[in-house]
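K.L.:
Start counting the sequence shown at 16; every next residue gets the next number (our numbering).
Beta carbons are placed, not taken as given, at the ideal position from N, Cα and C, and that holds for glycine.
Every value quoted in this text rests on a predicted model; they were computed, and no experiment measured them.
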Amino acid sequence: MSRITNWRRESRSPTLAYRNTKTGARAVLHRAPDSYRYKWRGAILVDGYPVWSRGYETKDAKSFRDELRKRPAPELSCPECPNDHVLVGEKEADGAKVQRWFDCHDCGCETPSRIVYGAER
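This is the structure we're talking about:
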């Protein structure tokens, strides 16, 4: 198995966790709550903000590592301007769904995450 560029494994069981050596981002494959459609959840977090997420039926570590290979240096950047230094804002909860927000101080853009956590059924 080839090495994953810029990712170092932090734990293997029960949660598979990686840390990016360049950006400090975290990648986690963990057991999802029983209310979720998929039993396992993979996510890449930059400053606690989810930039990628996917559900798995089984603990599919090979597919998860393939996603990490595609993203050697995940960053959180503003979609409106070339600024790559944005601040993670508050969480918004609407019933069982939770969504994160981030703010760009250069252009004033406030953007919600594309990933909404909640029951996925």
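In terms of residue numbering, what span does the alpha helix (DSSP H) encompassing residue 78 cover?
P.N.:
Indexing the sequence shown from 1 puts residue 78 at position 63. Segment 76 to 85, the alpha helix (DSSP H) holding residue 78.
K.L.:
Would you kindly check if the distance between the Cβ of residue 74 and the Cβ of residue 44 is under 9 angstroms?
P.N.:
By one-based count along the sequence shown, residue 44 stands at place 29. By one-based count along the sequence shown, residue 74 stands at place 59. Yes, Cβ-Cβ distance for residue 44 and residue 74 is below 9 angstroms.
K.L.:
Report the CB separation of residue 47 from residue 37 in whole angstroms; it is logged as a contact under 8 angstroms.
P.N.:
Here residue 47 refers to the residue found at position 32 when the sequence shown is read from its first residue. Here residue 37 refers to the residue found at position 22 when the sequence shown is read from its first residue. The beta carbons of residue 47 and residue 37 sit about 28 angstroms from each other, so the pair does not count as a contact at 8 angstroms.
K.L.:
Enumerate in chain order the residues of its own chain whose CB-to-CB distance from residue 96 is below 6 angstroms, with the five nearest sequence positions on each side excluded.
P.N.:
By 1-based counting over the sequence shown, the position of residue 96 is 81. For residue 96, where only same-chain residues beyond five positions count, the Cβ hits under 6 angstroms are 121, 122.
K.L.:
Report the option in 118, 81, 30, 63 whose CA atom is closest to the CA atom of residue 56.
P.N.:
Within the sequence shown, numbered from 1, the residue matching residue 56 stands at position 41. Closest option to residue 56, Cα to Cα, is 30.
K.L.:
Please classify residue 88: is it buried, with 16 or more other beta-carbons within 10 angstroms of its beta-carbon, or exposed?
P.N.:
Mapped onto the sequence shown, residue 88 falls at position 73. Residue 88 should be labelled exposed.
K.L.:
For residue 81, which option in 28, 33, 26 has the closest C-alpha, if you only look at C-alpha atoms?
P.N.:
If you number the sequence shown from 1, residue 81 lands on position 66. Ranked by Cα distance from residue 81, the first of 28, 33, 26 is 33.
K.L.:
Which class does residue 62 belong to by DSSP, given the choice of helix, strand or coil?
P.N.:
For the purposes of this step, residue 62 is identified with residue 47 of the sequence shown, where counting begins at 1. It is coil, neither helix nor strand.
K.L.:
Starting from residue 35, follow its DSSP beta bridges and name the residues at the other end.
P.N.:
Locating residue 35 in the sequence shown gives position 20, where the first residue counts as 1. According to DSSP, residue 35 bridges with 22.
K.L.:
If you draw a straight line from the C-alpha of residue 28 to the C-alpha of residue 79, how long is it?
P.N.:
For the purposes of this step, residue 28 is taken as the residue at position 13 of the sequence shown. For the purposes of this step, residue 79 is taken as the residue at position 64 of the sequence shown. Distance between the alpha carbons of residue 28 and residue 79: 15 angstroms.
K.L.:
In the DSSP assignment, find the unbroken beta strand (DSSP E) run with residue 44 in it and report its ends.
P.N.:
As a first step, residue 44 is located in the sequence shown; it is residue number 29 there, counting from the start. Note, residue 44: beta strand (DSSP E), 41 to 46.
K.L.:
Can you tell which of 51, 52, 49, 62 has the C-alpha that lies nearest to the C-alpha of residue 42?
P.N.:
One-based indexing of the sequence shown puts residue 42 at position 27. Cα-wise, what sits closest to residue 42 is 62.
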